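Visitor: Reminder that position 238 of the sequence shown reads as 241 in the working numbering, one-by-one numbering, no gaps. Where is the CB? At the ideal position from N, CA and C, for every residue including glycine. Here the structure is a predicted model, which means the values were calculated and not measured. This is the structure, below, for whatever I ask next.
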Amino acid sequence: MADVISVTNSDSAFDASKGVTRTNLPPFAQRLRKAADLVWEEGYRQPFIRELGEGTLPREKFAFYLLQDFRYLNDYARVHALGLAKTDDPEIMAFMLNVQNGALNVESTVHRTYLASYGITDEQMNNVRQSAFARAYTSNILSIAYGKDILDILVAVLPCAWVYADYGYRLAHEFADTLDVNQYKSWVDMYKTDEFWQGSAWLIEHIEKLAAEVSEERKQELVDIFVTGVENEYMFWSSAYDMQYTWKPEWDQES
Numbered sequence: 004m005a006d007v008i009s010v011t012n013s014d015s016a017f018d019a020s021k022g023v024t025r026t027n028l029p030p031f032a033q034r035l036r037k038a039a040d041l042v043w044e045e046g047y048r049q050p051f052i053r054e055l056g057e058g059t060l061p062r063e064k065f066a067f068y069l070l071q072d073f074r075y076l077n078d079y080a081r082v083h084a085l086g087l088a089k090t091d092d093p094e095i096m097a098f099m100l101n102v103q104n105g106a107l108n109v110e111s112t113v114h115r116t117y118l119a120s121y122g123i124t125d126e127q128m129n130n131v132r133q134s135a136f137a138r139a140y141t142s143n144i145l146s147i148a149y150g151k152d153i154l155d156i157l158v159a160v161l162p163c164a165w166v167y168a169d170y171g172y173r174l175a176h177e178f179a180d181t182l183d184v185n186q187y188k189s190w191v192d193m194y195k196t197d198e199f200w201q202g203s204a205w206l207i208e209h210i211e212k213l214a215a216e217v218s219e220e221r222k223q224e225l226v227d228i229f230v231t232g233v234e235n236e237y238m239f240w241s242s243a244y245d246m247q248y249t250w251k252p253e254w255d256q257e258s
């Protein structure tokens, strides 16, 4: 089932009449997805995601991930605030505002609910130490938001939206028979929906329009931004699985 759902639409014709769907991607989106395919698929097969889908992921590893993701969402919201300030397009402005609201309210509510059930307080959440891997990810997207234009920002935030939409959808289908008894069902339920996918579809559509007007050199820069983002998604989950704060475990000391 997962192999069928993971079709990347590489080099296939785009039917504009159907709009952007999971299996009907415009040309530049296909190029982005193809460039990131190796790490994307390795990401789906890594232990954190497999055990999340099976419902066997140790709670302490999921809690580590949630705490890091809580920090990440705050920076993700800041990136969208900066993007809002860098565009005059009302539609893009509205999108950026909606994502900020979702990151700070909707997704963080799920995090708080899970973590409260683990006995983790709001104070602990608000003062969590950020891992080196999470910091590398957020520093990268924040630097793009501060120093680049709106097209770069849209590409920089696409990996998070698209990877989550893809993995959530695939996990829901692959583990459909056991999802109802999976302790992480609400996580999968959030990201598996067509509603959540629409954020990725919106980004893909607008990136496609803006990228059509830039040079090949510029397009390659955007591809590099996208692939780096997918790599950071992989490392975010991988470091959570290992509960790793620093690049080497022996460096890990509480500051």
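In chain order, what residues of the same chain lie with their CB nearer than 7 Å to the CB of A243, ignoring the 5 residues before and after it?
Guide: Contacts found: F51, K64, F67, Y68 and Q71.
Visitor: Taking Cβ positions, are E45 and Y237 nearer each other than 8 Å?
Guide: In contact: E45 and Y237 (Cβ atoms closer than 8 Å).
Visitor: According to the neighbour-count rule (16 or more other Cβ atoms, all chains shown, within 10 Å of its Cβ), is V233 buried or exposed?
Guide: Buried: at least 16 other Cβ atoms inside 10 Å.
Visitor: Going by beta carbon distance, what residues of the same chain come within less than 7 Å of L100, once the five residues before and after it are set aside?
Guide: The residues are L87.
Visitor: Hey, would you say A139 sits closer than 8 Å to N235, going by beta carbons?
Guide: Going by C-beta atoms, A139 is nearer than 8 Å to N235.
Visitor: Here's the rule I'm using: 16 or more other beta-carbon atoms within 10 Å means buried, otherwise exposed. How should V7 be labelled?
Guide: Its pLDDT being 38, under 50, V7 is placed unreliably by the model, and the measurement read from it follows with that caveat. Burial call: exposed.
Visitor: Can you look up N27 in the DSSP assignment and give me helix, strand or coil?
Guide: In this structure, N27 counts as strand in the three-state DSSP scheme.
Visitor: Are the CB atoms of L154 and L225 within a distance shorter than 8 Å?
Guide: In this structure, L154 lies closer than 8 Å to L225 by Cβ.
Visitor: So I207 and L28 are in contact, right, with Cβ under 8 Å, and what is the actual spacing, rounded?
Guide: So it is a contact: roughly 7 Å between Cβ atoms.
Visitor: Within 10 angstroms of its Cβ, does V217 collect 16 or more other Cβ (buried), or is it exposed?
Guide: By the 10 Å Cβ count, V217 comes out exposed.
Visitor: Measuring alpha carbon to alpha carbon, tell me which residue in Y248, K151, V166 and W254 is nearest A137.
Guide: The shortest C-alpha separation from A137 is found at Y248.
Visitor: Anyone know if the C-beta pair for F178 and E57 falls short of 8 Å?
Guide: Yes, these two residues count as a Cβ contact at 8 Å.
Visitor: Tell me whether the region 197–213 and the region 30–38 touch, counting them as touching only if at least three CB pairs, one residue from each stretch, are closer than 8 Å.
Guide: Yes, the region 197–213 touches the region 30–38.
Visitor: Assign V23 to buried or exposed, taking buried as 16 or more other Cβ atoms, counted over all protein chains shown, within 10 Å of its Cβ.
Guide: With 16 or more other Cβ atoms within 10 Å, it is buried.
Visitor: Which of helix, strand or coil does DSSP assign to I95?
Guide: I95 falls in the helix class under three-state DSSP.
Visitor: Between L174, E126 and V82, which has its C-alpha nearest I144's C-alpha?
Guide: Of the candidates L174, E126 and V82, the one whose C-alpha sits nearest the C-alpha of I144 is V82.
Visitor: Whose C-alpha, out of Y170, D91, K188 and A215, is nearest the C-alpha of Y117?
Guide: Measuring from the Cα of Y117, the nearest candidate turns out to be K188.
Visitor: Going by DSSP, what residue range makes up the alpha helix (DSSP H) through G171?
Guide: Looking at the DSSP string, the run of the alpha helix (DSSP H) that includes G171 is I153 to E177.
Visitor: Let me confirm a value: G122 is counted as buried when at least 16 other C-beta atoms fall within 10 Å, else exposed. Which label applies?
Guide: Per the 10 Å Cβ criterion, exposed.
Visitor: Can you tell me whether DSSP reads D180 as helix, strand or coil?
Guide: Residue state, collapsed to three classes: coil.
Visitor: Hey, out of W250, K251 and F239, whose CA is closest to M47's CA?
Guide: Reading off the sequence, residue 47 comes out as Tyr, not Met. Here the closest residue by C-alpha is F239.
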